[in-house]
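Note that the protein sequences, when read in sequence, are chains U and R. Using my numbering, the final residue of the first sequence is 277, and nothing's skipped along the way. Using my numbering, the final residue of the second sequence is 314, and nothing's skipped along the way.
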Amino acid sequence: MTKLATLTTNGPTATLALNRPDARNACSIELLDAAHECVDELGDAAGVRVLTITGTGRAFCAGMDLKQVIIDEAKGGCGDPELPRRLLGSLGRFTLRLRALPCVTLAKVNGAAIGGGCGLACCCDIAISHADAKLGFPEVDLGLCPAVVAPWVVRKLGAGRARKVLLMGGVMSGTDALEVGIVDQLAPDRDGLDALADVVADRLAKGGPHALAATKNLLNELDGSLDAALIERGADLSASVLARHEAQEILAARVR
Amino acid sequence: MIRVDRDGDVRVITLDNPPVNAMTPEMLDALRAAIDADDDARAILLRADHTCFSAGFDLKAVADDAADQPVLAALLRGLSSVVRSLRSNPGPVVIASHGAALAGGCALLGGADVVVCSPDATFGYPAALIGVSPAVSAPFLRCSVNDGDARRLLLDTKTIDAAEAHRLGLVHHVAEPLRDEAMQIARALASKPAHAVRATSDWITTISGPTDELARRGLDASLACVGTEEARTRIENAARRR
Chain U
22 MTKLATLTTN GPTATLALNR PDARNACSIE LLDAAHECVD ELGDAAGVRV LTITGTGRAF
82 CAGMDLKQVI IDEAKGGCGD PELPRRLLGS LGRFTLRLRA LPCVTLAKVN GAAIGGGCGL
142 ACCCDIAISH ADAKLGFPEV DLGLCPAVVA PWVVRKLGAG RARKVLLMGG VMSGTDALEV
202 GIVDQLAPDR DGLDALADVV ADRLAKGGPH ALAATKNLLN ELDGSLDAAL IERGADLSAS
262 VLARHEAQEI LAARVR
Chain R
73 MIRVDRDGDV RVITLDNPPV NAMTPEMLDA LRAAIDADDD ARAILLRADH TCFSAGFDLK
133 AVADDAADQP VLAALLRGLS SVVRSLRSNP GPVVIASHGA ALAGGCALLG GADVVVCSPD
193 ATFGYPAALI GVSPAVSAPF LRCSVNDGDA RRLLLDTKTI DAAEAHRLGL VHHVAEPLRD
253 EAMQIARALA SKPAHAVRAT SDWITTISGP TDELARRGLD ASLACVGTEE ARTRIENAAR
313 RR
């Protein structure tokens with residue numbers, strides 16, 4: 022069976038690729054399990070200084086797998102009222118684990134980064150993309166609350182910008198994502214992203230691993246990044262908003 | 073002093089106290105009542121008529137104040153309560169600012185979800201010139217701009233222009249015509265699922281603050297300067313120069 026997330030290491034750099042291209046790398050519970058396994062595996066890969074997170078195919082990550090957050094089976098959903106909460110909790114813990122890694126994390130946003138996918142990019146230390154990528158948080162448009170990833174967006178953008186971005190919903194171009202601070206650097210086009218990612222990863226890998234880890238640790242401590250209880254509360258909130266009739270109806274209309 | 077109109081699902085609140093929408097305690101009371109009004113509007117657009125958004129507290133009102141400056145204290149309390157009302161409003165709040173938004177005028181921005189301004193807009197907190205501390209704004213400002221910029225804005229009385237305010241994150245869009253753009257954003261917000269918008273807005277406040285406790289400490293810090301020799305003398309001198 023195809024692995025839904027893969028880890029490849031190459032000396033001091035490693036790549037974690039979400040590998041579900043036919044579903045634009047949407048986060049199903051299975052994909053997140055595979056992503057967690059990649060982080061387990063990385064724990065043994067001593068000497069990795071930079072971890073690049075990216076998506077196989079055209080998308081980076083389309084966010085939550087809608088079929089697993091719709092509860093009613095008759096409406097194309099999963100039939101398991103507990104699954105959305107587990108999915109949200111797993112995504113939250115995955116972002117926390119990435120944040121806590123001693124190596125530098127680089128989001129290589131190769132294409133659509135939507136909702137939880139965009140949150141994944143925001144939790145990485147550095148995010149790069151290209152002008153034509155589509156990024157954003159359309160959760161409120163679907164009657165949902167992006168509570169699991171909101172802490173990363175608030176930390177990266179500042180509360181004022183995060184408020185506007187999360188409440189206005191929709192998606193934006195890579196160029197607009199750069200302006201608002203979701204991504205830190207852009208390749209001129211999609212084809213140029215590989216080269217840019219290599220340059221950035223190689224440069225980051227030049228840093229001393231202890232120095233990099235110490236810096237990350239301190240930054241995480243300063244902004245309270247590793248507050249696991251906040252992420253769990255976010256998952257509770259997000260799951261409760263998601264379970265409401267209003268949200269379930271909008272989601273069902275989307276997958277129909 | 074405050075006008076309330078309805079445009080579809082949006083309640084449009086307009087500051088209407090010519091020439092510069094200077095704030096009196098009565099105006100702030102009316103503004104708070106307009107924000108807290110219980111109707112079925114799904115979003116608020118707060119804007120202003122006349123030459124600017126608001127030049128802050130009405131100097132005339134505070135210059136004629138008694139020695140312990142009860143009017144100044146009422147203004148600070150009123151301002152704090154208006155900003156908290158904006159932030160806790162069940163629907164999203166858009167502010168459209170043109171011309172100057174100074175001191176108390178600039179403080180209103182802290183309660184908004186989205187701020188749009190015209191290219192001619194200016195912002196700043198020159199309150200210390202009249203011996204008044206803008207601390208009441210600090211807990212909210214600190215959430216929209218970074219610490220270094222918040223310190224500079226609150227301690228240095230120099231104002232900043234629209235482009236810089238956008239760069240700092242104090243405003244989200246610089247647009248012309250201002251009213252159309254702001255109305256479009258308010259309508260878009262009003263059209264989104266209300267519960268999701270409310271939950272998201274409240275969650276961001278939970279994550280980033282300010283807590284009610286911090287907001288109150290900001291107000292207390294400003295109130296501590298009320299009735300001081302410094303505030304009385306500086307306000308008298310400023311009123312005489314006018």
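Even glycine gets a Cβ: it sits at the ideal position worked out from N, Cα and C.
DSSP has R:Gln256 in a bridge; who is on the other side?
By 1-based counting over the second sequence, the position of residue 256 of chain R is 184. None, per the DSSP bridge assignment.
Could you tell me which residues DSSP puts in a beta bridge with R:Gly174?
One-based indexing of the second sequence puts residue 174 of chain R at position 102. Strictly speaking, residue 174 of chain R in this sequence is Leu, with Gly absent from that position. In DSSP, R:Leu174 forms a bridge with R:Gly196.
Using a Cβ-Cβ distance cut-off of 8 angstroms, determine whether U:Glu267 contacts chain R.
Position 246 of the first sequence holds residue 267 of chain U. Yes, because at least one Cβ of chain R sits closer than 8 angstroms to the Cβ of U:Glu267.
Starting from U:Gln206, follow the alpha helix (DSSP H) in both directions and report where the run begins and ends.
The sequence position of residue 206 of chain U within the first sequence is 185, counting from 1. First-last for U:Gln206: Gln206 to Ala208, but that is the beta strand (DSSP E), not the alpha helix (DSSP H).
Out of R:Leu250, R:His238 and R:Glu248, state which residue places its alpha-carbon closest to the alpha-carbon of U:Val201.
To locate residue 201 of chain U, count along the first sequence from 1; it is residue 180. The shortest Cα separation from U:Val201 among R:Leu250, R:His238 and R:Glu248 belongs to R:His238.
Taking contact to mean at least 3 C-beta pairs separated by less than 8 angstroms, is the segment 99-106 of chain U in contact with the segment 63-77 of chain U?
no
Classify R:Asp194 as buried or exposed, calling it buried when 16 or more other Cβ atoms lie within 10 Å of its own Cβ.
Within the second sequence, residue 194 of chain R is the residue found at index 122, counting from 1. Looking at the sequence itself, residue 194 of chain R is Thr, so the reference to Asp does not match. So R:Thr194 ends up on the buried side.
Within the continuous beta strand (DSSP E) that includes U:His151, where are the two ends?
Residue 151 of chain U sits at position 130 when you count from the first residue of the first sequence. From DSSP, the beta strand (DSSP E) with U:His151 extends over Ile147 to His151.
Would you mind giving the Cβ-Cβ distance between R:Leu100 and R:Val166, rounded to the nearest angstrom? I have them listed as a contact below 8 angstroms.
In the second sequence, the residue the question calls residue 100 of chain R occupies position 28. In the second sequence, the residue the question calls residue 166 of chain R occupies position 94. Their Cβ separation, rounded to whole angstroms, is 20 angstroms, which puts R:Leu100 and R:Val166 out of contact at 8 angstroms.
Indicate whether R:Val243 and R:Val187 have their beta-carbon atoms separated by less than 8 angstroms.
As a first step, residue 243 of chain R must be located in the second sequence, where it is residue number 171. As a first step, residue 187 of chain R must be located in the second sequence, where it is residue number 115. Yes, Cβ-Cβ distance for R:Val243 and R:Val187 is below 8 angstroms.
R:Ala268 and U:Ala268 - do their beta-carbons sit closer together than 8 angstroms?
Along the first sequence, read from residue 1 onward, the residue named residue 268 of chain U stands at position 247. Along the second sequence, read from residue 1 onward, the residue named residue 268 of chain R stands at position 196. Yes, these two residues count as a Cβ contact at 8 angstroms.
Give the single residue among U:Glu51, U:Leu37, U:Thr30 and U:Ala35 whose Cα lies nearest to the Cα of U:Met22.
If you number the first sequence from 1, residue 22 of chain U lands on position 1. Comparing Cα-Cα distances from U:Met22 to each of U:Glu51, U:Leu37, U:Thr30 and U:Ala35, the minimum goes to U:Glu51.
Does the beta carbon of U:Glu253 sit closer than 8 angstroms to a beta carbon anywhere in chain R?
Translated into positions along the first sequence, residue 253 of chain U becomes position 232. No, no contact with chain R.
Relative to the C-alpha of U:Ala56, which candidate in U:Ser111, U:Leu272 and U:Ala67 has its C-alpha closest?
Position 35 of the first sequence holds residue 56 of chain U. Looking at the Cα atoms, U:Ser111 is the closest of the given residues.
Spatial neighbours of U:Lys155 within its chain, please: C-beta separation below 6 angstroms, excluding the five flanking residues on both sides.
Position 134 of the first sequence, counted from the first residue, corresponds to residue 155 of chain U. Closer than 6 angstroms at Cβ, skipping near neighbours: Ala133 and Val192.
Just the chain U side, please: which residues come within less than 8 angstroms of R:Thr272 by C-beta, in chain order?
Counting from 1 along the second sequence, the entry for residue 272 of chain R is found at position 200. In chain order, Glu160, Val161, Cys166, Pro167, Ala168, Ala171, Leu187 and Leu188 make up the part of chain U whose C-beta sits under 8 angstroms from the C-beta of R:Thr272.
List the residues of chain R that U:Leu258 touches, going by C-beta distances under 7 angstroms, in chain order.
For the purposes of this step, residue 258 of chain U is identified with residue 237 of the first sequence, where counting begins at 1. Within 7 angstroms Cβ-Cβ: Ala271 and Trp275.
Reducing DSSP to helix, strand and coil, say where U:Cys99 ends up.
By one-based count along the first sequence, residue 99 of chain U stands at place 78. Three-state result, U:Cys99: coil.
Is R:His245 helix, strand or coil by DSSP?
Within the second sequence, numbered from 1, the residue matching residue 245 of chain R stands at position 173. Taken through DSSP and simplified to helix, strand or coil, R:His245 comes out as strand.
Please report the straight-line C-alpha distance between R:Ala298 and U:Cys82, rounded to a whole angstrom.
As a first step, residue 298 of chain R is located in the second sequence; it is residue number 226 there, counting from the start. As a first step, residue 82 of chain U is located in the first sequence; it is residue number 61 there, counting from the start. Correcting the residue type first, residue 298 of chain R is Val in the shown sequence and not Ala. Between R:Val298 and U:Cys82, the C-alpha separation is close to 54 angstroms.
Can you list the residues of chain R that U:Val262 reaches, using a CB-CB cut of under 8 angstroms?
On the first sequence, residue 262 of chain U is found 241 positions in, with the first residue counted as 1. Within chain R, the residues placing a beta-carbon under 8 angstroms from that of U:Val262 are His267, Ala268 and Ala271, ordered along the chain.
Using DSSP bridges, identify the partner residues of R:Val76.
Along the second sequence, read from residue 1 onward, the residue named residue 76 of chain R stands at position 4. Paired residues: R:Ile85.
Please look up how many angstroms separate the CB atoms of R:Asp185 and U:Arg211, rounded, as I've assumed it's under 8 angstroms.
The residue given as residue 185 of chain R occupies position 113 in the second sequence. The residue given as residue 211 of chain U occupies position 190 in the first sequence. Not confirmed; about 33 angstroms, so no contact.
On the three-state DSSP scale, how would you describe U:Ile252?
What you label residue 252 of chain U is simply residue 231 of the first sequence in a count that begins at 1. Correct three-state label for U:Ile252: helix.
So with CB distances below 8 angstroms, who are the chain R contacts of U:Ile45?
Stepping through the first sequence from its first residue, residue 45 of chain U is reached at position 24. At residue 45 of chain U the sequence reads Arg, which differs from the Ile that was named. The premise fails here: U:Arg45 is roughly 22 angstroms from chain R at the closest Cβ pair, so nothing lies under 8 angstroms.
Determine the direct distance from the alpha carbon of R:Arg214 to that of R:Gly150, and round the result to whole angstroms.
Within the second sequence, the letter at position 78 stands for residue 150 of chain R. Within the second sequence, the letter at position 142 stands for residue 214 of chain R. Going by the C-alpha atoms only, they are around 20 angstroms apart.
For my contact list, U:Thr30 and U:Val69 are in at a C-beta cut-off of 8 angstroms; report their separation, rounded to the angstrom.
Taking the first sequence and counting its residues from 1, one reaches residue 30 of chain U at position 9. Taking the first sequence and counting its residues from 1, one reaches residue 69 of chain U at position 48. Right, the Cβ-Cβ distance comes to about 6 angstroms (below 8 angstroms), so this counts as a contact.
I'd like to know if U:Gly136 contacts chain R, where contact means its C-beta is closer than 8 angstroms to some C-beta of that chain.
Here residue 136 of chain U corresponds to residue number 115 of the first sequence, with the count starting at 1. So, not an interface residue.
Using a cut-off of 7 angstroms between C-beta atoms, extract the partners of U:Leu157 located in chain R.
Looking up residue 157 of chain U in the first sequence gives position 136. Correcting the residue identity first, residue 157 of chain U is Gly in this sequence and not Leu. Going along chain R, no residue has its Cβ under 7 angstroms from U:Gly157, so there is no contact; the nearest lies around 14 angstroms.
So which residues of chain R does U:Arg182 contact, with C-beta pairs closer than 9 angstroms?
Sequence index remark: in the first sequence, residue 182 of chain U carries index 161 (1-based). Ordered by position in chain R, the residues that pass the 9 angstroms Cβ test against U:Arg182 are Ser216, Gly241 and His244.
What does the alpha-carbon distance come out to for the pair R:Cys189 and R:Asp108?
Looking up residue 189 of chain R in the second sequence gives position 117. Looking up residue 108 of chain R in the second sequence gives position 36. Taking the CA atoms as reference points, R:Cys189 sits about 24 angstroms from R:Asp108.
In three-state terms, what does DSSP make of R:Thr283?
Start at 1 with the first residue of the second sequence, and residue 283 of chain R comes out as number 211. In the three-state reduction of the DSSP assignment, R:Thr283 falls in the coil class.
Is the segment 73-92 of chain R touching the segment 257-276 of chain U in the sense that three or more CB pairs, one from each, lie closer than 8 angstroms?
no
If you draw a straight line from the alpha carbon of R:Glu248 to that of R:Asp192, how long is it in whole angstroms?
Working through the second sequence from its first residue, we reach residue 248 of chain R at position 176. Working through the second sequence from its first residue, we reach residue 192 of chain R at position 120. Near 10 angstroms, if we compare the C-alpha coordinates of R:Asp192 and R:Glu248.
With a threshold of 8 angstroms, are at least 3 pairs of Cβ atoms found where one atom belongs to the segment 228-245 of chain U and the other to the segment 121-139 of chain U?
yes
Between U:Gly190 and U:Phe158, which are expected to be in contact by the criterion C-beta below 8 angstroms, what is the C-beta distance as a whole number of angstroms?
Position 169 of the first sequence, counted from the start, is the residue given in the question as residue 190 of chain U. Position 137 of the first sequence, counted from the start, is the residue given in the question as residue 158 of chain U. Yes, U:Gly190 and U:Phe158 are in contact; Cβ-Cβ is about 6 angstroms, under 8 angstroms.
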